[in-house]
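Taking it in order: structure first as structure tokens, then the write-up.
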Ligand code: TMP
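This is how it looks when you write it as structure tokens:
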């Protein structure tokens with residue numbers, strides 16, 4: 631009985647944000663914090679998270695000569711996402727395992743809806759058709775100025791097909807993320823990612839409390 635109770639309480643949390651906002655550091659903090667409370671945690675990512683979805687990730691991130699059409703890019707993101715939801719996320723949750731995903735559907739709204747200019751409407755239709763109303767219980771949106779994030783990304787060196795885009799692309803993405811947060815009825819919590827890691831973690835801890 632008690633085990634059943636624990637199982638039904640497993641939550642799905644996603645982390646979002648533009649390039650360079652410190653998702654990796656925050657993700658490992660969220661994982662440790664939830665584990666310290668006695669839960670089992672699965673960390674995963676999008677695009678990716680299953681063998682097929684990871685192959686799709688490589689297709690999407692690799693730099694290539696051929697122009698990648700924005701709608702094709704969007705559909706590949708969703709193809710990868712459905713594999714991820716059906717083969718990894720839902721089975722984990724029903725086993726009582728908490729799931730933390732480095733990006734999820736909000737990234738499609740921000741990058742393809744905003745960055746690539748596809749708008750939200752078409753994405754809403756694809757989301758509804760392919761995922762129904764399946765969403766994270768909580769989404770932490772790490773937010774900082776695009777200039778600051780890009781400067782941090784450049785320090786990392788190697789770039790992928792997305793990171794090679796111009797600054798205006800990322801400004802549109804940030805705007806779309808913030809618009810999406812506004813429409814999320816409280817699911818997406820905006821975290822100011824510019825202060826020290828300690829302060830960012832304090833803010834994250836506060837938001838996690840509502841979910842625990
Ligand atoms: P990452 O750099 O956070 O691992 O994510 C890979 C890239 O994929 C990142 O530049 C954002 C992009 N992306 C989209 O464009 N749409 C999506 O739906 C997802 C999940 C990621």
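Numbering (this note's numbering), first residue to last: 631 to 842.
For each residue, glycine too, the CB sits at the ideal point set by N, CA and C.
Sheet register partners of residue i (DSSP bridge)
{"i": "residue 728", "result": "671"}
{"i": "residue 645", "result": "732 and 770"}
{"i": "residue 822", "result": "773"}
Delimiting residues of the alpha helix (DSSP H) encompassing residue i
{"i": "residue 705", "result": "700-714"}
{"i": "residue 760", "result": "751-761"}
{"i": "residue 798", "result": "797-812"}
{"i": "residue 719", "result": "Run containing residue 719: none; DSSP gives neither H nor E here."}
{"i": "residue 742", "result": "Premise fails: residue 742 is in no alpha helix (DSSP H) and is neither H nor E."}
{"i": "residue 827", "result": "827-839"}
{"i": "residue 680", "result": "Where residue 680 is concerned, there is no enclosing alpha helix (DSSP H), given that its DSSP letter is neither H nor E."}
CB-CB length for residue i against residue j, believed under 8 angstroms
{"i": "residue 706", "j": "residue 686", "result": "5 angstroms"}
{"i": "residue 792", "j": "residue 691", "result": "7 angstroms"}
{"i": "residue 611", "j": "residue 755", "result": "As displayed, the chain neither begins before 631 nor continues past 842, which places residue 611 out of reach and without an answer."}
{"i": "residue 794", "j": "residue 647", "result": "The pair is not a contact, with the Cβ atoms about 18 angstroms apart (cut-off 8 angstroms)."}
{"i": "residue 670", "j": "residue 759", "result": "That pair is no contact at about 32 angstroms."}
Would the segment 782-790 and the segment 718-732 be scored as touching if the rule is three or more Cβ pairs under 8 angstroms?
No contact exists between the segment 782-790 and the segment 718-732.
**Message:** Does the segment 662-678 come into contact with the segment 727-736, if we say contact requires no fewer than three beta-carbon pairs (one atom in each stretch) closer than 8 angstroms?
**Reply:** With a cut-off of 8 angstroms on Cβ pairs, the segment 662-678 is in contact with the segment 727-736, counting three or more such pairs.
Worksheet item: Do the segment 767-780 and the segment 699-710 meet, that is, are 3 or more Cβ pairs less than 8 angstroms apart?
Response: No contact exists between the segment 767-780 and the segment 699-710.
inquiry  = Across the segment 648-656 and the segment 810-828, are there enough close Cβ pairs to call them in contact, namely three or more that are closer than 8 angstroms?
reply    = With three or more CB-CB distances shorter than 8 angstroms, the segment 648-656 counts as touching the segment 810-828.
- Message: Three Cβ pairs or more, each shorter than 8 angstroms: is that satisfied between the segment 677-694 and the segment 707-716?
- Response: Taking 8 angstroms as the limit for Cβ pairs, the verdict is that the segment 707-716 does touch the segment 677-694.
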